[in-house]
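Protein chains in written order, with my numbering: chain F, 1 to 235; chain X, 236 to 356.
I have placed the structure first, in the form of structure tokens, so that the comments after it can refer back to it.
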Amino acid sequence: MIEPRILEVRTKILKKNDELARTMRAHFVEADVLVTNLVSSPGTGKTSLLRETLKRLLDAGEKVAAIVGDLETDNDARRLAESGAPVRQIMTHGCCHLEADMVQQHLTGWDLADFDYLFIENVGNLVCPTSWDLGESVRIALLSVTEGEDKPLKYPGLFNTADVALITKTDLAEPCEFNRELALKNIQAVRPGMSVLETSAKTGDGMDDWINYLKNMREQLKATGNTVAANNRSR
Amino acid sequence: MHELSIANSLVEIASEHARANGGQRILAITVRVGPLSCVHKSALEFSFDLLKQGTMLEGAQLKWLDVPVTVFCPTCEREVELPGIQRFRCPECDTPSGDIRSGRELDLETIEICQQATADA
Chain F
1 MIEPRILEVR TKILKKNDEL ARTMRAHFVE ADVLVTNLVS SPGTGKTSLL
51 RETLKRLLDA GEKVAAIVGD LETDNDARRL AESGAPVRQI MTHGCCHLEA
101 DMVQQHLTGW DLADFDYLFI ENVGNLVCPT SWDLGESVRI ALLSVTEGED
151 KPLKYPGLFN TADVALITKT DLAEPCEFNR ELALKNIQAV RPGMSVLETS
201 AKTGDGMDDW INYLKNMREQ LKATGNTVAA NNRSR
Chain X
236 MHELSIANSL VEIASEHARA NGGQRILAIT VRVGPLSCVH KSALEFSFDL
286 LKQGTMLEGA QLKWLDVPVT VFCPTCEREV ELPGIQRFRC PECDTPSGDI
336 RSGRELDLET IEICQQATAD A
């Protein structure tokens, strides 16, 4: 009888996803498409922000597209399509996050050369999407003023894989008694040096900074083939 | 509950490695996990126990190898271990650091295989 033996495997459990994400990222970079992955809890205002973002980029003559993930319904895709941008909906039917192959499948028939920016709105969830690289160049963690200042402390995992923390719905800060200083302090506690942007998709406050950030990241991507995010994930 | 997706990959990778090395059954696996992997261990155990049924991993034990979160402290000029994940500051000198050196791991470390199809064969 042959004795049991121990094999060293030393493999990332999500290796297949990571490898696909790396390949996808290389294609995006080659086509000069800045891919942004928006992650937050449900109700943070991802869709409103994105609709406004698509509109503004289109008005500026940029070519944009979006893929949006939800458990059920294509409501968000329909809301986003109002901007005039091509939009596709991923219905995950219960799956709490997007994976690289879901995004890849939904790219079929699109020519990356037609886009400057591609946005991926992840399933509303602060935990699960963290582990899946989607080939994005930029990952944004959204936090709305209605959610409470301690979200970064409760979900440090997400804030540690995101490149920017984006505080949304700033028009509601006052009625919600949002403590901005505390929120900023908590973000810095879990991710020292993290960039923070603040927007209100409703009033347009901070939208220029956000759009400029995206444009700068795309310039950086075109110039160097790399962004901060690409260094953070799929190592 | 993303642990089900992770367990699915885990079963797949472990089985591939076992087969490639002539294994018929997997008796145990070791998973290296860091606190920043966002994995809930008991949820992964639960998912793994479900998915291993009817595979060469049936009856396999899941063992953990916990990795601490460490960051590089620019003041102390060395890697330091953090007591938690809410405060990314050097526990010795209080310098903030986001230069994470470990803690994101989610790796299949080892598998214990045997060449018999069943335990009593």
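Every residue gets a Cβ at the ideal spot worked out from N, C-alpha and C, and that includes glycine.
With 16 or more other Cβ atoms inside 10 Å of its own Cβ, W132 of chain F counts as buried. If you draw a straight line from the Cα of A253 of chain X to the Cα of D76 of chain F, it is about 44 Å long.
Inter-segment contact for the stretch 35 to 45 of chain F and the stretch 171 to 185 of chain F is absent: fewer than three beta-carbon pairs are separated by less than 8 Å. According to the DSSP secondary-structure assignment, D342 of chain X is paired through a beta bridge with F:K12, X:R267. For the stretch 168 to 199 of chain F, the set of positions with a beta-carbon nearer than 9 Å to some beta-carbon of chain X reads N186, Q188, A189, V190, R191, P192, G193, M194 in chain order.
At the C-beta level, G135 of chain F and A21 of chain F come within 7 Å of one another. For C349 of chain X, the three-state secondary structure derived from DSSP is strand.
The residue from F:C95, F:K63, F:C96 with its alpha-carbon nearest to that of S83 of chain F is F:K63.
The beta-carbon of R313 of chain X is placed no less than 7 Å from the nearest beta-carbon of chain F. When the alpha-carbon of Q89 of chain F is set against those of F:D101, F:D70, F:C96, the nearest one is in F:D70. Here the alpha carbon of G45 of chain F sits roughly 7 Å from the alpha carbon of S144 of chain F.
Taking a contact as a CB-CB distance under 8 Å, the pair P303 of chain X and G338 of chain X counts as one, their CB atoms being some 7 Å apart. By the Cβ rule, the stretch 323 to 340 of chain X counts as touching the stretch 264 to 274 of chain X, because three or more pairs are nearer than 8 Å. Excluding its 5 nearest sequence neighbours in each direction, E340 of chain X has C-beta neighbours in its own chain below 8 Å: R267, V268, G269, S272, V302, listed in chain order. CA-CA distance, V87 of chain F to L239 of chain X, rounds to 29 Å. In terms of Cβ geometry, E347 of chain X and A263 of chain X form a close pair [threshold 7 Å]. Residues of chain X whose Cβ lies closer than 8 Å to the Cβ of L14 of chain F are, in chain order, I241, S244, L341. Around the CB of L300 of chain X, fewer than 16 other CB atoms lie within 10 Å, so the residue is classed as exposed. A direct Cα-to-Cα measurement between Q220 of chain F and K151 of chain F gives close to 30 Å.
Listed as beta-bridge partners of N37 of chain F by DSSP are F:I120, F:R139. When 9 Å is used as the limit between beta carbons, P331 of chain X is near these residues of chain F: Q188, A189, P192, G193, in chain order.
DSSP places F281 of chain X inside the alpha helix (DSSP H), whose first and last residues are 276 to 286. As the crow flies, the alpha-carbon of M24 of chain F is around 39 Å from that of N179 of chain F.
Bridge pairing for G206 of chain F: absent [DSSP]. Listed in chain order, the non-local C-beta contacts of H275 of chain X below 7 Å within the same chain comprise E238, local neighbours out to five positions each way being set aside. Interface annotation, T36 of chain F: not in contact with chain X, CB-CB separation never under 7 Å. Per DSSP, S244 of chain X is one residue of the alpha helix (DSSP H) stretching across 238 to 255. Within its own chain, the residues whose Cβ lies closer than 6 Å to the Cβ of L317 of chain X, once the five positions on either side in sequence are excluded, are V304, listed in chain order. Residue pairing by DSSP puts E314 of chain X in a beta bridge opposite X:F307.
At least one C-beta of chain X is nearer than 7 Å to the C-beta of H97 of chain F. Around C349 of chain X, the beta-carbon contacts reaching into chain F at under 8 Å are I2, E3, P4, R5. In this structure, A85 of chain F and L58 of chain F form a Cβ contact; the two beta carbons are roughly 6 Å apart against a cut-off of 8 Å.
Among the CB atoms of chain X, one or more fall inside 7 Å of the CB of V127 of chain F. Contact annotation: T146 of chain F and L118 of chain F have beta-carbon atoms that are not nearer than 7 Å. One alpha carbon belongs to I320 of chain X, the other to P156 of chain F, and they sit about 7 Å apart.
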